[in-house]
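Student: Got a structure for you, questions after.
Protein chains: 2
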Amino acid sequence: MRLSTKARYGVRAMVRLALSQKDGPVQLSLIAEKEGVSEKYLEHLFRHLKANGLVLSQRGARGGYVLARPAEKITLYEIVKALEGSLAPVDCLKQADLCERSLFCATREIWKGLKKKIESYLKSKTLSELAQEQEEKINAPIYHI
Amino acid sequence: MRLSTKARYGVRAMVRLALSQKDGPVQLSLIAEKEGVSEKYLEHLFRHLKANGLVLSQRGARGGYVLARPAEKITLYEIVKALEGSLAPVDCLKQADLCERSLFCATREIWKGLKKKIESYLKSKTLSELAQEQEEKINAPIYHI
DNA sequence: TAGTTTTCCTCTAGATTTAGTAGGAATTAA
DNA sequence: TTAATTCCTACTAAATCTAGAGGAAAACTA
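From first to last, the protein sequence lines are chains A and B.
As numbered in this note's numbering, residues 1 to 145 make up the first sequence, in order.
As numbered in this note's numbering, residues 146 to 290 make up the second sequence, in order.
Here it is in structure tokens:
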């Protein structure tokens with residue numbers, strides 16, 4: 001049940017974008033530096049984010065990315081799904097004929113329920129909530145003596 | 146967020162075990178045949194199930210496996226965890242020092258919440274529930290004309 | 001006791017997925 | 001025109017998944 005780095009890095013990049021886009025498009029080079037992720041890898045991730053209508057891009061000098069919608073209107077579900085492809089724990093949920101047992105399989109119902117739980121949780125979290133929490137964490141660090 | 150075949154086959158095998166063990170230990174060869182999974186692969190899975198105290202084994206002729214506890218006392222969480230190792234969506238939940246950002250990472254809190262949702266769902270499902278549902282599905286099949 | 005059945009154990013290996021990197025084309029601002 | 005930036009297509013090393021082979025150990029049966 002692990003998320004790939006696509007989802008992990010991608011969500012962090014989106015938070016960074018939400019926090020940084022006040023001054024116009026944000027370059028991948030900035031996100032790469034701040035998040036400690038390779039710029040080349042971010043290119044892949046943002047392709048998916050763009051294809052799924054989550055960000056808009058501006059090419060050329062002083063270009064970059066901005067959120068396609070206000071952060072309050074973007075859920076974590078959308079981000080993770082755009083990057084991970086699907087949140088189904090098992091493939092037979094998308095494609096029942098992968099397994100001839102599908103119709104009589106009790107475990108399949110369990111996985112279906114699990115998928116719903118995961119999705120409803122991620123749908124309940126918006127990017128703006130996450131960005132705000134991130135800001136608070138940065139502004140209220142723990143000081144060591 | 147996909148489960149491996151370990152968890153998928155393992156849960157099905159446990160359901161099969163719950164349904165078949167009335168007449169004594171169940172051999173892997175039987176489960177393999179019924180579930181369409183290689184016996185050799187089941188050996189691997191049952192090693193983990195046994196190591197985690199979910200099944201007991203009897204070696205030798207007419208040996209096999211039985212549940213270590215009544216099916217009502219075994220949750221899906223235990224089975225999946227035994228086979229999958231961990232249900233953490235990201236590794237930094239188990240080992241915070243994997244990432245220097247852990248202490249100030251808002252996304253980490255999200256993944257922690259997601260892990261809790263997954264676990265509480267799987268803890269709420271017992272093997273006996275699952276076995277009963279499976280039995281009903283078998284006894285009430287859909288007939289095609 | 002001998003033979004058979006079954007779990008137990010270690011080692012090996014192909015297939016698939018992950019996590020990137022390389023190199024350059026296209027676009028835009030200055 | 002130049003520099004900056006996204007966009008696109010390949011390629012690849014490493015990890016993980018999904019087993020399979022071969023035999024040792026244990027226990028039942030005759």
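For each residue, glycine too, the CB sits at the ideal point set by N, CA and C.
Just so you know, these numbers come straight off a predicted model, no measurement behind them.
1) Enumerate in chain order the residues of its own chain whose CB-to-CB distance from A:Q134 is below 8 angstroms, with the five nearest sequence positions on each side excluded.
2) Check whether the Cβ of B:T271 lies closer than 8 angstroms to any Cβ atom in chain A.
3) What are the uninterrupted segments assigned as alpha helix (DSSP H) that are 4 or more residues long and contained completely in the stretch 28-82 of chain A, given in chain order?
4) Counting only beta-carbon atoms, is A:P70 nearer than 8 angstroms to chain B?
5) Do three or more CB pairs link the stretch 226-235 of chain B to the stretch 189-196 of chain B at distances below 8 angstroms?
6) Quick one: Cα of A:L67 to Cα of A:S124, how far?
7) Hey, out of B:V171, B:K167, B:E180, B:L173, whose CA is closest to B:Y154's CA?
8) List in chain order: all unbroken alpha helix (DSSP H) runs of 4+ residues lying wholly within the stretch 78-143 of chain A.
9) Comparing the C-beta of B:R157 with each C-beta of chain A, is any distance below 8 angstroms?
10) What residues match up with A:V146 in a beta bridge as DSSP calls it?
11) Taking 8 angstroms as the threshold (beta carbon to beta carbon), is B:V171 in contact with chain A?
12) Thinking A:L93 and A:K115 are a contact (beta carbons under 8 angstroms), I'd like their distance in whole angstroms, please.
13) Suppose you measure from the CA of B:G205 to the CA of A:A51; what does that come to, to the nearest Å?
Tutor: Considering the structure as presented:
1) For the purposes of this step, residue 134 of chain A is taken as the residue at position 134 of the first sequence. Around A:Q134: V15, L19.
2) Here residue 271 of chain B refers to the residue found at position 126 of the second sequence. Answer no: the Cβ-Cβ gap between B:T271 and chain A never drops below 8 angstroms.
3) Taken in chain order, the unbroken stretches of alpha helix (DSSP H) that lie wholly in the stretch 28-82 of chain A and span 4 residues or more are 28-35, 39-51.
4) If you number the first sequence from 1, residue 70 of chain A lands on position 70. Judged by the 8 angstroms Cβ criterion, A:P70 is not in contact with chain B.
5) yes
6) Here residue 67 of chain A is taken as the residue at index 67 of the first sequence, counted from 1. Here residue 124 of chain A is taken as the residue at index 124 of the first sequence, counted from 1. It is roughly 19 angstroms from the alpha-carbon of A:L67 to the alpha-carbon of A:S124.
7) The residue labelled residue 154 of chain B in the question sits at position 9 within the second sequence. Considering only alpha carbons, the answer is B:E180.
8) 106-123, 127-139
9) Against the second sequence, residue 157 of chain B aligns to sequence position 12. Answer yes: the Cβ-Cβ gap between B:R157 and chain A drops below 8 angstroms somewhere.
10) Within the shown structure, residues of chain A are numbered from 1 to 145, placing residue 146 of chain A beyond reach of any answer.
11) Taking the first residue of the second sequence as position 1, residue 171 of chain B is located at position 26. Not a single CB atom of chain A sits nearer than 8 angstroms to the CB of B:V171.
12) Your numbering for residue 93 of chain A matches position 93 in the first sequence. Your numbering for residue 115 of chain A matches position 115 in the first sequence. With 8 angstroms as the limit, A:L93 and A:K115 qualify as a contact, their Cβ atoms being about 6 angstroms apart.
13) Indexing the second sequence from 1 puts residue 205 of chain B at position 60. Indexing the first sequence from 1 puts residue 51 of chain A at position 51. Their Cα atoms are separated by approximately 58 angstroms.
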